[in-house]
Every structure is written in C-alpha cells, then in structure tokens.
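K.L.:
Dropping the structure in here first, questions after.
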Amino acid sequence: MDSVDEAMELLAGLPAVKPHRRFDERVAYLDACHLLHGQKISAEPRRLLGSVPGLTVVDIPDTELCCGSAGIYNVVNYDLSMEILSKKMAAIRSTGVRVAVTANPPCMFQVRYGAYRDRMDLRDRAREPNRTHRTRPRGSPRPGVDRADAGILAR
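In this text, residue positions in the sequence shown follow the working numbering: the first is 219, and each later residue adds one.
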C-alpha cells in the first residue's frame with residue numbers, strides 16, 4: 219500500500235453515479251474538524267453533495283468551529299462541550315435547513331443530541347429507513363430506538 223486516502227477524497231474522484239430520484243432539499247454541511255483542519259478537506263464533500271440532483275448545500279456560519287464532540291471531549295469536558303454545541307446548533311438553526319450532513323459519526327451523534335436537546339425539527343437522514351422499503355408505519359420507533367430518540371425522525 220503506497221498511501222491511505224480519506225473516503226471523501228476517494229468518492230470525489232470516482233465517476234458520478236446518477237441517483238434514482240431527485241432530493242429537493244436544502245442541507246447544511248457540517249465540516250468535521252479532522253477533515254477540515256487536519257487534512258484540509260472541505261471541497262470534496264460539498265462537491266459530492268452538490269452532484270445530487272435537487273440538493274442545495276448550505277454552509278453554516280462559522281463552519282470551521284467544532285461541534286464539541288472532538289473524540290471523547292464531550293465526555294471528559296461535558297459542560298464546555300455543551301456550550302460549544304449550543305453555538306453550533308444556533309448556526310445550523312440560522313440557515314433554516316431541516317437536514318444537516320456530516321462525514322463524521324461523532325459529529326453526527328453530537329448534533330443529533332443537540333437537535334433532541336433543543337427540540338429542533340432536524341431530520342436525521344442517516345437513521346431514517348429507506349423510503350422505498352419502509353416496513354414500519356412512519357413515526358414508529360425501530361427496535362433499539364427509544365421514543366425520545368425516535369422523535370428526532372418525525373417530520
């Protein structure tokens with residue numbers, strides 16, 4: 219192996235795949251700190267999202283600032299991480315979007331918690347069932363998802 223590439227770099231370098239349908243949606247892209255600051259990757263995720271028909275990518279104010287997750291920072295410095303998260307959630311709210319996208323699972327979990335805590339109507343596409351293969355009535359929680367968490371999925 220000669221090198222290791224970030225998944226976003228790899229995906230951005232592949233030929234475009236035509237989606238099966240349009241996604242008429244405005245989404246906020248949240249830069250992951252390790253991608254933006256550590257690896258200087260910011261254009262690739264936006265380019266990938268921008269290639270989806272109907273999808274409009276919206277940058278949030280102060281996108282370069284952390285969401286407060288930072289590995290286990292939200293565990294060892296909970297109070298400060300919640301202050302940082304509050305700023306990130308205010309920035310997301312200011313865009314008026316209902317979908318936030320990130321390439322980093324800890325960021326996703328942190329923002330998911332912020333949406334729940336702040337009672338934001340922010341959809342969590344990563345955890346929504348595939349709409350073409352829905353097996354449960356809309357709004358019913360999946361096994362292992364508590365009712366409070368399932369509320370984030372409600373429209």
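Note that beta-carbon positions come from the ideal geometry of N, C-alpha and C, so glycine has one too.
1. Assign Gly231 to one of three DSSP states: helix, strand, or coil.
2. Whole angstroms are fine: how far does the CA of Ala230 sit from the CA of Val270?
3. Report the three-state DSSP secondary structure of Ala246 (helix, strand or coil).
4. With the cut-off set at 8 Å, would you say Ile278 and Ala250 are in Cβ contact?
5. Considering only the beta carbon of each residue, do Ser287 and Phe327 sit closer than 8 Å?
6. On the DSSP bridge list, what partners appear for Val319?
7. Could you say which of Leu248, Leu267 and Leu253 lies nearest to Leu303 if we only look at CA atoms?
8. In terms of DSSP beta bridges, what is Thr274 paired with?
9. Spatial neighbours of Pro263 within its chain, please: C-beta separation below 7 Å, excluding the five flanking residues on both sides.
10. Out of Val329, Arg341 and Leu253, which one is the CA nearest neighbour of Asn292?
11. Pick helix, strand or coil for Arg341, following the three-state DSSP scheme.
P.N.:
On the basis of the supplied data:
1. Looking at Gly231 - three-state DSSP - the assignment turns out to be coil, as it is neither helix nor strand.
2. 12 Å
3. strand
4. no
5. yes
6. Tyr247
7. The residue with the shortest Cα to Cα distance from Leu303 is Leu248.
8. Thr274 is bridged to Arg244.
9. Met226, Tyr247 and Ala321
10. Val329
11. Per DSSP, reduced to three states, the secondary structure at Arg341 is strand.
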